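Colleague:
Residue numbers (the numbering used here): 9 to 259.
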């Protein structure tokens, strides 16, 4: 039952159990090779490519994400708007990594509209958080706040883990507005949520962010502890263990 394998892989991805996904996809592909191609089979192939595009994003593998997303769009059934909207979000994220802001904004806006039409809350949160980052980078902080707040509003109570990007975005904004108390509050919530997701670098990034706040407050011991945890988290996730922000704070 390759369709069930794809569904299982999708559920694992959404729930943050990313390391378990690829084996399910490979098993599904093995079984699909023995079946005659039709619209349903092509759609499953598209879904597999879509999941791989999603999994490449946390590692900033923009070219891989884009190639898998383009394959997904070529194979997905035209009526599969739910998955197509996710693919458009992934394209938006990948274009953001390449600093192609116009293409990113166009893809994410399409994703947001499609997600709202289909009631795909997970993808609406993904698109909104990335649009928030785009506005933040363009110094449109109040527009960014609207998008990050939308993510938090959609997240439920207790919030689902993917909302971590919305909380982290709010932490950065309150830092810019010199409200360090709220910045810390949102950052700590970010860690609580991001710890539930495998293989994303949000946790080490927010630890580095908190270490910077500790240094501003003169708490060198706590800052050192958070930097140590950040480096361990980066190594465990097989990310670059010396990102620019880590080097800057250590210096």
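The beta-carbon is built from N, C-alpha and C at its ideal position, and this holds for glycine as well.
A quick note: this is a predicted structure, and the numbers were derived from the prediction, not measured.
#1: By how many angstroms is the C-alpha of residue 229 removed from the C-alpha of residue 239?
#2: Ignoring anything shorter than 4 residues or poking outside the stretch 176 to 252, list the alpha helix (DSSP H) runs there in chain order.
#3: Please report the distance separating the alpha-carbon of residue 203 from that of residue 209.
#4: Looking at the unbroken alpha helix (DSSP H) that takes in residue 84, where does it start and where does it end?
#5: Does the pairing of the stretch 93 to 109 with the stretch 118 to 125 give three or more beta-carbon distances under 8 Å?
#6: Going by the CB atoms, is the gap between residue 171 and residue 133 shorter than 8 Å?
#7: Using CA coordinates, which residue listed in 186, 179, 86 is at the minimum distance from residue 48?
#8: Under a three-way DSSP split, which group does residue 171 fall into?
#9: Using the Cα positions of residue 80 and residue 90, report the straight-line distance between them to the nearest angstrom.
#10: If the criterion is Cβ atoms closer than 8 Å, does the pair residue 88 and residue 46 meet it?
#11: Is the separation between the beta-carbon of residue 123 and that of residue 135 shorter than 8 Å?
#12: Rounded to the nearest angstrom, what separates residue 156 and residue 102 at their Cα positions?
#13: Suppose the cutoff is 7 Å on Cβ atoms and the five residues either side in sequence are ignored; what does the same chain contact list for residue 109 look like?
#14: Using C-beta distances below 7 Å, list every residue in its chain close to residue 182, excluding the 5 sequence neighbours before and after it, in chain order.
#15: By the 10 Å Cβ neighbour count, where 16 or more other Cβ atoms means buried, how is residue 177 classified, buried or exposed?
#16: So what does DSSP say about residue 129, is it helix, strand or coil?
Modeller: Reading from the atomic positions:
#1: When rounded, the distance between both Cα atoms is 16 Å.
#2: DSSP runs (the alpha helix (DSSP H)) wholly in the stretch 176 to 252: 188 to 202, 210 to 224, 228 to 244.
#3: If you take the alpha carbons of residue 203 and residue 209, they lie about 10 Å apart.
#4: Per DSSP, residue 84 is not a residue of any alpha helix (DSSP H), being assigned neither H nor E.
#5: Judged by Cβ distances under 8 Å, the stretch 93 to 109 makes contact with the stretch 118 to 125, as three or more pairs qualify.
#6: Taking 8 Å as the cut-off, the beta carbon of residue 133 is found closer than this to the beta carbon of residue 171.
#7: Looking from the CA of residue 48, the closest CA among 186, 179, 86 belongs to 86.
#8: Per DSSP, reduced to three states, the secondary structure at residue 171 is helical.
#9: Straight-line Cα distance between these residues: approximately 12 Å.
#10: Contact flag unset, no.
#11: In this structure, residue 135 lies closer than 8 Å to residue 123 by Cβ.
#12: So the alpha carbons of these two residues sit roughly 19 Å apart.
#13: Here residue 109 has 142 as same chain residues with Cβ atoms under 7 Å from its own Cβ, once five neighbours each way along the sequence are excluded.
#14: Only 190, 191, 194 meet the Cβ criterion.
#15: So residue 177 ends up on the buried side.
#16: In this structure, residue 129 counts as helix in the three-state DSSP scheme.
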